[in-house]
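So in our numbering, spot 112 of the sequence shown is number 164, and the numbers just go up one at a time. The beta-carbon is built from N, C-alpha and C at its ideal position, and this holds for glycine as well.
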Amino acid sequence: MPVFKAILKNFNMLLTGVFMVLFLIMIPKSGVSQDTIRHNKFEGNLSMTIQQLGMTYWAAGGESNASGKVTAFFKHSYTRNLFNYETTGLFAYGIQNFAKDKRTEKTEDRLEMSMTMSHNNNKHLTFTSIAALKTQFSDGFKYPNDSIPISRFFA
Numbered sequence: 053m054p055v056f057k058a059i060l061k062n063f064n065m066l067l068t069g070v071f072m073v074l075f076l077i078m079i080p081k082s083g084v085s086q087d088t089i090r091h092n093k094f095e096g097n098l099s100m101t102i103q104q105l106g107m108t109y110w111a112a113g114g115e116s117n118a119s120g121k122v123t124a125f126f127k128h129s130y131t132r133n134l135f136n137y138e139t140t141g142l143f144a145y146g147i148q149n150f151a152k153d154k155r156t157e158k159t160e161d162r163l164e165m166s167m168t169m170s171h172n173n174n175k176h177l178t179f180t181s182i183a184a185l186k187t188q189f190s191d192g193f194k195y196p197n198d199s200i201p202i203s204r205f206f207a
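The following block contains the structure:
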């Protein structure tokens, strides 16, 4: 159970941070004149899935469980004349709780961010720079042993 509490604590901190960033990005700027041409484009998607499976007197085996997953995706694009800039992010975290063994396992744990900048020098030449970050939020384990982590944040 201490592993579940640690995962839940990390998840709560992450979710709070993601919502704060999205909130600050979406606040309209007052006193700024609006361009008629839109150079910025922001897209986002937030999804949450909760599932419960109950098995009673099932001859073939199986185990009752409950699981949940939260996924957030965002994309920001900026285009102006010959300059293009794009930032994308994918955050996903899922856990599963097994009733019979009273254990909790991580089902998905992703933090992916990428940035692309490009500049068209002329009609035949484009300079592009790409950076990507892929990691996980919390420790990973080789289940059923959840006492020795096999991967960590930025591992």
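{"Query": "Stretch pair the segment 121-139 + the segment 106-113: three plus CB contacts closer than 8 Å", "Result": "no"}
{"Query": "Exposed unless 16 or more other CB atoms sit within 10 angstroms - verdict on Thr108", "Result": "exposed"}
{"Query": "Where Glu115 falls: helix, strand or coil (DSSP)", "Result": "coil"}
{"Query": "Nearest-angstrom Cβ-Cβ length linking Leu163 and Ala124, presumed shorter than 8 Å", "Result": "Actually they do not touch by this definition, with Cβ atoms about 10 Å apart."}
{"Query": "Test item: CB-CB of Ala133 and Ser170 under 7 Å", "Result": "Correcting the residue type first, residue 133 is Asn in the shown sequence and not Ala. Taking 7 Å as the Cβ cut-off, Asn133 and Ser170 do not qualify as a contacting pair."}
{"Query": "Nonlocal neighbours in the same chain, by C-beta distance under 7 Å from Pro201, ignoring five residues either side", "Result": "Asp191, Gly192, Phe193"}
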